[in-house]
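Protein chains in written order, with numbering that gives the first Met the number 0: chain H, 0 to 663; chain Y, 0 to 100; chain V, 0 to 521; chain E, 0 to 188. Even for Gly, the Cβ is constructed at its ideal location relative to N, Cα and C.
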Amino acid sequence: MNYQAMLAAVLLIPLLGSVLNGFFLRKAPRLVTVTVATLAIALPFVLSCALVFGPIASGEVIRTELFKWISVPLEGGWLEIPFALSLDRLSGILLLIITGVGSLIHLYAGEYMHHEEGVYRFFAYLNLFVFSMLSLVLGANMVVTFLGWEGVGVCSYLLIGYWYSDEANARAGMKAFVANRVGDLGFLLAMFMSVKLFGSVDYSAIAASLTNELASENASMITAIGLCMLLGVAGKSAQLPLYIWLPDAMAGPTPVSALIHAATMVTSGIYLMTRMSFLLVHSSTAMTTIAVIGAATALFAATIGLVQNDIKKVLAYSTVSQLGFMALGCGVGAFQYGVAHLMTHAFFKALLFLGAGSVIHAMHHEQDIRKMGGLIKKMPITGWTFVIGTLAIIGFPGFSGFFSKDEILYYAWSGTFGHPLLWVTGALAAACTSFYMVRLTYLVFFGQSRVEHAHHHGHGHDDHHHSHEIHENPWTMTLPLVLLAVFSIVGGYVSIPHAIMHVLGLEGDNAITQWLYPVISSAKEVMKAVHGDAHGSAALEWGLMGTSTLVMLIMSGFAIALYKVGPQGGDAYAQAAGGLYRLILDKWRIDELYQAVIIEPLKKVGDGFFKFGDRAVIEGVINEGPRGIYLVTSVLSDIQSGLVRNYLKLVFVAVVALGAWIFI
Amino acid sequence: MLTLPEIGLYFSFLLFLVGLAGVMFRKNILFMMVSVEILLNAANLAFVSASKITGTIDGQVVMFFVMAVAACEAAVGLALIIALYRTKASIEADDLKALRG
Amino acid sequence: MVSVISQWILTLLIFFPLLGAIVVGLMKDVQTARHVAVAIAVLEMIFSFHLIAHFNIDSASMQFAQDLAWLPSGTGIRYIVGVDGLSLMLVLLTTILCPLILLSSYSSIESNVKSFLALFLVLESAMIGALVSLDLVLFYVFWEAMLIPMYFIIGVWGGKERIYATTKFFIYTVVGSLLMLVAFAYLYYLHYQQNGVFSTNLIELYRTAAGLPAETQLWLFAATALAFAIKVPLFPFHTWLPDAHVQAPTPGSVILAGVLLKMGTYGLMRMSIPMFPEAAHQAAPVMITLSVIGIIYGALIAWRQTDIKKLVAYSSVSHLGFVVAGMFAFNEMGFTGALYQMVNHGVSTGALFLLIGVVYERRHTREMSEYGGLAKQMPWYAFFMVVATLGSVALPGTGGFIGEWLILNGVFQVHPVMATLAGTGVILGAIYMLWLVLKVVWGPLNNEENKKLPDCSPRESFVLATLSVFVFATGFLSAPILEHTVPTLKKLQESVNSKSAYKTQLVIPGRSNEPMKVMMEK
Amino acid sequence: MDLNFIAFVVMGLAATILSGVMITRRWPVSAAMVLIAVMTLLAGMFGLLEAHFAAAAQIIVYAGAIMVVFVFVMMLLNLPPEELRYGGVTWGEMVLISLGVLVAIVLGTQVGQGLLTQGLESMGYAPGQTPAHAKSLYFAADENVKNVAATMFVDYLWAFELVSFLILAAVIGSIVIAKKRSAENANAA
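Structure below.
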């Protein structure tokens, strides 16, 4: 089996799984459905491993063309867009994450969804999602990527609205799709501009034709491409101002949140930016905008996370915040660390979501952290893996988040497009992250249990025999947790900071930089040529690292001290903050703002168009037009009254008019 | 100071207006015909006045022709009125709407 | 043998349904008549596959042509038919949609069935005739002939306000057609003045028309384009469409959205643009602006509708705005996208109207609030609905995406701002279509009456599944499909941009394939 | 201001007012009587304008012959008095009346008169002077009837003959029209 066929198989097996589950295994037992679905992801994972650690590691790029997709004549040539796949080192990383984390989550979901009716639908969507996500990262041109880009949006829409009987879920799905669509318009425009500029949408063709001269001649166009792409990224990767859909997307089943809204789909914006890094770096405007948006998102979402009480909401805002970090990394020119953080985040955030799902599953869909507490005794595996995930996300030294996040923060200060202010914003966001994550972990797993009482009220009669039986979940749910916990620890060692490498006596670049060298080398060269070398130093790196670690420790300690007494621990501060607290609790009321500023006016315009434009004006003109003609004709016809006297009157009028015309 | 024929022209115009009003506003065909006679007389007055103004005789000749035509008109018109009255038992002009569009 | 078939195939395609209409009209048993009608439409579809099997994809000529005497020779009015890449797509769309629509009419048409079937077949015949005729008078005859069956289909089998709707439909269309007729007549006269010979041969008139002074062209363009714009319908001539759609019976809505609206866009591409390239260039900014207004206007109105059929009707206004915008970009991407989008819109909107018909037959209401949560009761229905919706919102992987992508791309190359504005229509499209799905398919199943609804019958499922397959097939097989149109559209683009006459010729099967002598070459 | 002038103006005013009175009569016969008076006044005006033939013809033909026919027909039909108005003055009539008044004012002012004579002057006519090409130049001013006859039977001979045919046709036509009905009745009977 050659590599091309393997690559095609990686893409198509999940689609096959989806079709099987969606059409042919509707009546099959749950076990069959789950097995088919999981295998449809696990098999590509195996193939991916073979590909990535084989030819890709040795520097090859695998490219295969499945079929001709679009081909139209263009001025002076053809615009040929084949359905082509390309696997290089960047897509290799994502391929492993998607299929690897994906298989674990499928395994987990099999148990998590066991009491659902018609679970085939869920797995069909999930497999379809993986197919879309794979075509996103494997696409050799923008259009194939866009197929995946919108495909994941649709799957996300379907999965968020999986429990469609509750209209709120369906609405959340719709919101996600529409917000994504806004971003997709940006992507579309970026494509159109590259067709205009390069006559192609193929990544490698664009890279080949983008010379420095071309870039400087078309600087505004390059900037426009970058900004349009940023709009797309903001939609998909939940950046300001389009992040609003992601917290609502938590309405979907928890495995979906883990896979789609933490590990894979939302990171596709980061992937795209890295993929297009060679182009973005030509425009410092675009890069700076990306960095600023990223930093702002990181801080903004982190502040909301501080006060949320829904376990999944906290994680959702944490995801938005972490995505902001990744965008910040890309924006300052440290694409490789953006990708590194993407990877570590995929591990620990999937872990955290699955852990949260495990808790929710055990507690029978209770999501309020004020009604939890002390769960670590009842669910030790979930608890401890969750703690590992928390340590990873807050950047505790030695855990994966530490390496990737600190590298991003370091470059935020010293990178090509970096600025100390960006670092300050990022560090503040990291401090908030430490606080809310520790708060979350502490309130859920430690301290006094607040479960029993709440449970009786929460679930009524049928849960009576369950209420005292919160227990660890079966292996299919804990195995993914443990594996992800392992990766959450070791995953960060691909991006050991230079300063530490130096201490350890390691030479050269760290693993992720080396691995991604072929992808981002041209971007690096451009940055070097245009903007000069990065202006960092080992001392600065140590200083920044120390500062952020210290801040992290202080905030974590603060959180533990505050919430030792239980969820009411923060009330004093909340009261002191007063209106600001309520504003943050209401997520800064951004949704309401959009509703009032965009949605409602548009609705009014739509109503106005219908009632005034269509019914009154156009209909009026069209209907009154004939009426007017009728009026005219009736007057004309009345003139033909047959009465001689009237004819004479007309003659008189005509003679007077004629006289007036002649003499005046 | 206006000369006689010029005043004649002006009277002819006033007479014409009066006759026209009669034709336009009366519904009785007989009255309309009588009004037409006024119209024709007004025209005659204009012809004669013009003849005087220009010092030519042609206007008076034409006035004679007009008179002849008026006689024809009266003869035919009155014959028509009689025929009409026989068929419709009315000489209201508004009852004659065959030309209505 | 093949060449004989090829020679007569278009004539067969035009008149076979007409013959079928007579047969169906004479049948006694209603059920048999239904079957026979479907069989006729299926046969018609099979005949039309001959076109695709023997179509020369490297040629922009009018293939399968036939040129017969019709009216007295002095008038220059002949029976000339032929297909090129442009009409081929739409002929196939018509022949494929028609059997499906006839199948769907089994349950939606219950009175005067035979008349309906006969009228429908007449309509099919007229549509194909209009698509393949290359003589202005012949075209006009078919163009008007389409109107009559549709008038009756809406007027007899329609909803409560059908008379109002059908009258409006008729008046709008006829006003446009008459202007077009005047333009044709004037062109006929001008041709005579220039060449001393009367002719209504489209291929010759291309040359006459393109050589006219700009001002004359502009007037003639305006007259023909208005006729087609009303049919499309382009903003602000669209108000007949929601009424006609809402009042029409399901098969009527489907054929209206599926094929009849395409006649407008087809006419623009076949007549207005290549005939009057100079004028088309001058009018392009206006046309693009109008279509972009239509895109946004239609979308915003669609969003605020509570009547599901009206929503889809206004979505058509929005979608066809894309088509018109695309063709007035005057590049291959725009033309290709416009043509492709015509086909896709026919498929996906056709499917949506069928889906509305399915629930309308069960519940006899089109109010969105009467539905909700149908996914629980009718999972297959929900599936088809979502597929049709995705096709309609131009998801990558569906044909709509290819079409809209090419259109927006084409427009973007010349009018970036307009393309961006049109792009917001893509967002709004997602909003109103998903809103429809949200209100009909998702949500709680509260209404008691909806709890007893049966899922799609096998017949309905077959029709919808076929269309669903088409939605995705057009999304992935676009290259082999669009191959057929490339030479035609390339030629069209070249002639429009050089503002010279559109030169094409008839290729009559069986004769030597040398270009037919154009009469005025002297 | 001589007597001729005063007499002319008085007669003109009387003719105008009487014609106004005439068109507002309810009885056709009284209207015919008033009309005879108007015509007599007009004949006097012709006389003052030195158109003696016209004055005589006016009285003989018009007041005598034509009006007799009118009165004869009126008596024959024996019509009832007419209702003068079937409703208020309509807008259209108001417009027409105001138009008429407007034209009267325009033409009645010096401006209007200037307008009327403007064209004449430019064509070589001037008040009181005889144009160069007028053939009636050869006739003395006080031999009016002779002058008229000479012009009529020299310059307008053909027109005169045509008018005689017209009168003939009118006579035959009026007989046919007036008799038609009874002839049909006779055929039907």
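Query raised in the report: What residues are listed by DSSP as bridge partners for M523 (chain V)?
Result: Look at the range of chain V in this structure, 0 to 521, and you will see that residue 523 (chain V) is not part of it.
Query raised in the report: How big is the Cα-Cα spacing for A671 (chain H) and P443 (chain V)?
Result: Summary: the structure shown does not reach residue 671 (chain H), with chain H confined to residues 0 through 663, and so no result is reported for it.
Report task. Could you give the DSSP three-state label for S236 (chain H): helix, strand or coil? Result -> Here the question's residue 236 (chain H) lines up with position 237 in the first sequence. Looking at S236 (chain H) - three-state DSSP - the assignment turns out to be coil, as it is neither helix nor strand.
Query raised in the report: If contact means a Cβ-Cβ distance below 9 Å, which residues of the region 61 to 89 of chain Y contact chain E?
Result: V61, M62, F63, F64, M66, A67, V68, A69, A70, C71, E72, A73, A74, V75, G76, L77, A78, L79, I80, I81, A82, Y84, R85 and T86
Query raised in the report: If contact means a Cβ-Cβ distance below 9 Å, which residues of the region 12 to 27 of chain Y contact chain H?
Result: Identification of residues in the region 12 to 27 of chain Y having a C-beta nearer than 9 Å to some C-beta of chain H yields L19, V22, M23, F24, R25 and K26, given in sequence order.
**Report entry** From H:G160, H:L539 and H:G382, residue whose alpha carbon lies closest to that of W422 (chain H)
**Finding:** Start at 1 with the first residue of the first sequence, and residue 422 (chain H) comes out as number 423. It is H:L539.
Query raised in the report: Tell me, which residues are paired with S70 (chain H) by DSSP?
Result: Position 71 of the first sequence, counted from the first residue, corresponds to residue 70 (chain H). DSSP lists H:E79 as the bridge partner or partners of S70 (chain H).
Query - Spatial distance of P16 (chain V) from F119 (chain V) (CA atoms) - result: Position 17 of the third sequence, counting from 1, holds the residue named residue 16 (chain V). Position 120 of the third sequence, counting from 1, holds the residue named residue 119 (chain V). Looking at the backbone, the Cα of P16 (chain V) and that of F119 (chain V) are separated by about 9 Å.
Report task. Report the partner residues of N140 (chain H) according to the DSSP bridge assignment. Result -> As a position in the first sequence, residue 140 (chain H) is number 141, starting the count at 1. Beta-bridge pairing links N140 (chain H) to H:D201.
Query raised in the report: Can you find a heavy atom of the ligand FMN that lies under 7 Å from the Cβ of E216 (chain H)?
Result: Only the bare structure without any ligand can be found here, which leaves the ligand FMN out of the picture.
Query raised in the report: Given that a residue counts as buried once 16 or more other Cβ atoms are within 10 Å of its Cβ, and exposed if not, what is I97 (chain H)?
Result: What you label residue 97 (chain H) is simply residue 98 of the first sequence in a count that begins at 1. So I97 (chain H) counts as buried.
Query - Bridge partners - Y78 (chain V), DSSP secondary structure assignment - result: What you label residue 78 (chain V) is simply residue 79 of the third sequence in a count that begins at 1. According to the DSSP secondary-structure assignment, Y78 (chain V) is paired through a beta bridge with V:L67.
Requested in this report: Determine the chain H residues that contact A92 (chain Y) at a beta-carbon separation under 7 Å, and present them in chain order.
Outcome: For this step, residue 92 (chain Y) is matched to residue 93 along the second sequence. Chain H residues near A92 (chain Y): L642, V643 and R644.
Query raised in the report: Does the beta-carbon distance from V311 (chain V) to F352 (chain V) come in below 8 Å?
Result: Within the third sequence, the letter at position 312 stands for residue 311 (chain V). Within the third sequence, the letter at position 353 stands for residue 352 (chain V). Yes.
**Report entry** Beta-carbon separation (whole angstroms), I407 (chain H) vs A345 (chain H), contact threshold 8 Å
**Finding:** Position 408 of the first sequence, counting from 1, holds the residue named residue 407 (chain H). Position 346 of the first sequence, counting from 1, holds the residue named residue 345 (chain H). About 15 Å; that fails the 8 Å criterion.
Report task. Under 7 Å Cβ to Cβ from P508 (chain V), same chain only, skipping five residues before and after it: list those, please. Result -> Within the third sequence, numbered from 1, the residue matching residue 508 (chain V) stands at position 509. Excluding positions up to five away in sequence, the list reads S2, S5, Q6 and F63.
Query raised in the report: Can you list the residues of chain H that L98 (chain E) reaches, using a CB-CB cut of under 8 Å?
Result: Translated into the one-based positions of the fourth sequence, residue 98 (chain E) becomes position 99. Within 8 Å Cβ-Cβ: F651, V652 and V655.
**Report entry** Chain-ordered neighbours of I69 (chain H) on chain V, where CB pairs are closer than 8 Å
**Finding:** Position 70 of the first sequence, counting from 1, holds the residue named residue 69 (chain H). Going along chain V in sequence order, the residues near I69 (chain H) (Cβ under 8 Å) are I401, W404, L405, S477, A478 and L481.
Query - Identity of the residues DSSP links to E64 (chain H) by a beta bridge - result: Walking along the first sequence from the start, residue 64 (chain H) turns up at place 65. BP columns for E64 (chain H) point to H:A83.
Report task. Report back the beta-carbon spacing between A178 (chain H) and I243 (chain H) to the nearest angstrom; my notes put them in contact at under 8 Å. Result -> In the first sequence, residue 178 (chain H) corresponds to position 179, counting from 1. In the first sequence, residue 243 (chain H) corresponds to position 244, counting from 1. Indeed, because the Cβ distance is near 6 Å, the residues count as touching under 8 Å.
Query - Contact set between E331 (chain V) and chain H, taken where Cβ atoms lie within less than 8 Å - result: Walking along the third sequence from the start, residue 331 (chain V) turns up at place 332. Within chain H, the residues near E331 (chain V) are V71, P72 and L73.
Report task. Check T397 (chain V) in the structure and name its three-state DSSP category. Result -> Reading the third sequence from its first residue, position 398 is the one you call residue 397 (chain V). T397 (chain V) falls in the strand class under three-state DSSP.
Requested in this report: With a cut-off of 8 Å on the beta carbons, I'd call G325 (chain V) and V245 (chain V) a contact; round off their distance for me.
Outcome: Mapped onto the third sequence, residue 325 (chain V) falls at position 326. Mapped onto the third sequence, residue 245 (chain V) falls at position 246. Not a contact, Cβ separation roughly 27 Å.
Query raised in the report: Leaving out the 5 sequence neighbours to the left and right, which residues in its chain are closer than 7 Å to W148 (chain H) when beta-carbon positions are compared?
Result: One-based indexing of the first sequence puts residue 148 (chain H) at position 149. Contacts found: L135, D183, F186, K235 and S267.
Query raised in the report: Does the Cβ of G46 (chain E) have 16 or more other Cβ atoms within 10 Å, making it buried, or fewer, making it exposed?
Result: The residue given as residue 46 (chain E) occupies position 47 in the fourth sequence. Label assigned to G46 (chain E): buried.
Query raised in the report: By DSSP, does N194 (chain V) sit in helix, in strand, or in coil?
Result: The residue given as residue 194 (chain V) occupies position 195 in the third sequence. Three-state result, N194 (chain V): helix.
Query - One or two residues paired with D154 (chain E) in a DSSP bridge - result: Indexing the fourth sequence from 1 puts residue 154 (chain E) at position 155. Residue pairing of D154 (chain E) in beta bridges, as defined by DSSP: absent, with no partner found.
Query raised in the report: With N43 (chain Y) and V68 (chain Y) assumed to form a contact (beta carbons below 8 Å), what rounded beta-carbon distance in angstroms separates them?
Result: Along the second sequence, read from residue 1 onward, the residue named residue 43 (chain Y) stands at position 44. Along the second sequence, read from residue 1 onward, the residue named residue 68 (chain Y) stands at position 69. Between V68 (chain Y) and N43 (chain Y) the Cβ distance is about 11 Å, and since that is not below 8 Å, they are no contact.
Query raised in the report: Does the beta carbon of G337 (chain H) come closer than 8 Å to any beta carbon on chain V?
Result: By 1-based counting over the first sequence, the position of residue 337 (chain H) is 338. No, G337 (chain H) lies away from the interface with chain V (no Cβ there is under 8 Å from its Cβ).
Query raised in the report: Can you tell me whether S190 (chain E) is buried or exposed, with buried defined as 16 or more other CB within 10 angstroms of its CB?
Result: Missing from the structure shown is residue 190 (chain E); chain E here goes from 0 to 188 and no further.
**Report entry** Beta-carbon spacing of R180 (chain H), A301 (chain V) below 8 Å
**Finding:** Taking the first residue of the first sequence as 1, we reach residue 180 (chain H) at position 181. Taking the first residue of the third sequence as 1, we reach residue 301 (chain V) at position 302. Cβ atoms of R180 (chain H) and A301 (chain V): not closer than 8 Å.
Query raised in the report: So, helix, strand or coil for N3 (chain E), using DSSP?
Result: Here the question's residue 3 (chain E) lines up with position 4 in the fourth sequence. It is helical.
Report task. Identify each residue in the region 274 to 305 of chain V for which the Cβ-Cβ distance to at least one residue of chain B is less than 7 Å, and report them in chain order. Result -> Protein chains in the displayed structure are H, Y, V and E, and chain B is not among them.
Query raised in the report: With a cut-off of 8 Å, does the C-beta of L601 (chain H) fall near any C-beta of chain Y?
Result: To locate residue 601 (chain H), count along the first sequence from 1; it is residue 602. Judged by the 8 Å Cβ criterion, L601 (chain H) is not in contact with chain Y.
Query raised in the report: Is there at least one Cβ from chain E nearer than 8 Å to L29 (chain Y)'s Cβ?
Result: Taking the first residue of the second sequence as position 1, residue 29 (chain Y) is located at position 30. With 8 Å as the cut-off, L29 (chain Y) counts as an interface residue toward chain E.
Query raised in the report: Are the beta-carbon atoms belonging to I80 (chain Y) and V175 (chain E) less than 8 Å from one another?
Result: If you number the second sequence from 1, residue 80 (chain Y) lands on position 81. If you number the fourth sequence from 1, residue 175 (chain E) lands on position 176. No, the Cβ-Cβ distance between I80 (chain Y) and V175 (chain E) is not below 8 Å.
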